[in-house]
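Structure, as structure tokens:
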Amino acid sequence: MIEIPSDLHKDLVPLAFLLGNWAGAGVHDFPGSEKCNFGQEVAFTHDGRDFLEYRSHSWVLDKDGNKVRPLESEHGFWRIDADRKVEVTMTRDDGVIEIWYGELADKKPQIDLVTDAVARTAASQPYTGGKRLYGYVKSDLMWVGEKQTPEVELRPYMSAHLKKVVTPEEVERWAKALPDDMPDDGIAFFK
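Here the UniProt record's numbering is used: position 147 in the sequence shown is 147, and no number is missing along the way.
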């Protein structure tokens, strides 16, 4: 269910499908790095201004799905203009700062992004750019990331399938918002 908060900046309504806390798992595979399954938690929040705040934390999972160690963390800000152009500024824990540009697809909740600028600290690994695709599919958030380095051409390196995390407070709020005239058996509601 996509909910549009009343205090969401009007420019951000097309990105409302991203809002909330998400959790799930994915696959990481890039030459020179350990191939692994990973867990991920993502949050898209807002404070009434014209951007979404983005935070992502991922960790390596063992074969039983237990956390082994951190994989990567990102923090950024997402904006969209009247022409559905999306811009993202992002900082990663490995010493990389990126500016991404892309577009929200027409008539579907899908965003394609590509790096426009990359800055790296001396401690970071080689990295020259990337692409990302985010999509809202059957109430889930899915994404795939591609990256390139001076030695490796652009290729997929991470992808994940995330589910919306629902708090008990949200369930209570939704329950209070149900219409008073719902049928007792629940089945008639779907007829």
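Yeah, the Cβ is synthetic: ideal placement off N, Cα and C, and Gly gets one too.
No experiment lies behind these values; they were computed from the predicted model shown.
Judged by DSSP secondary structure, serine 33 falls outside any beta strand (DSSP E); it is assigned neither H nor E. Residue state for alanine 123 is assigned as coil, using DSSP reduced to three classes. In this structure, lysine 147 places its C-beta atom within 8 Å of the C-beta atom of tyrosine 157. In this model, valine 152 and lysine 35 are separated by some 16 Å (Cα to Cα).
Taken through DSSP and simplified to helix, strand or coil, proline 109 comes out as coil. Glutamine 125 counts as exposed, since fewer than 16 other beta carbons sit within 10 angstroms of its beta carbon. Between the segment 95 to 108 and the segment 58 to 67, the count of C-beta pairs closer than 8 Å stays below three; the two stretches do not touch. Scanning its chain for C-beta atoms nearer than 6 Å, with the 5 sequence neighbours on each side dropped, one finds around glutamate 41 the residues Ala23 and His57, in chain order. DSSP places aspartate 140 inside the beta strand (DSSP E), whose first and last residues are 140 to 148.
Under a 10 Å Cβ-count criterion, arginine 132 is classified as buried, with 16 or more other Cβ atoms of the shown protein chains found around its own Cβ. Setting aside the 5 residues that flank it on each side, glutamate 98 is surrounded in the same chain by Met90, Thr115 and Val118, each with a C-beta closer than 6 Å to its C-beta; the list follows chain order. In this structure, histidine 75 sits away from aspartate 50, with a CB-CB distance that is not shorter than 8 Å.
The criterion of a C-beta distance shorter than 8 Å is satisfied by glycine 130 and glycine 145.
When DSSP states are grouped into helix, strand and coil, lysine 67 belongs to the strand group.
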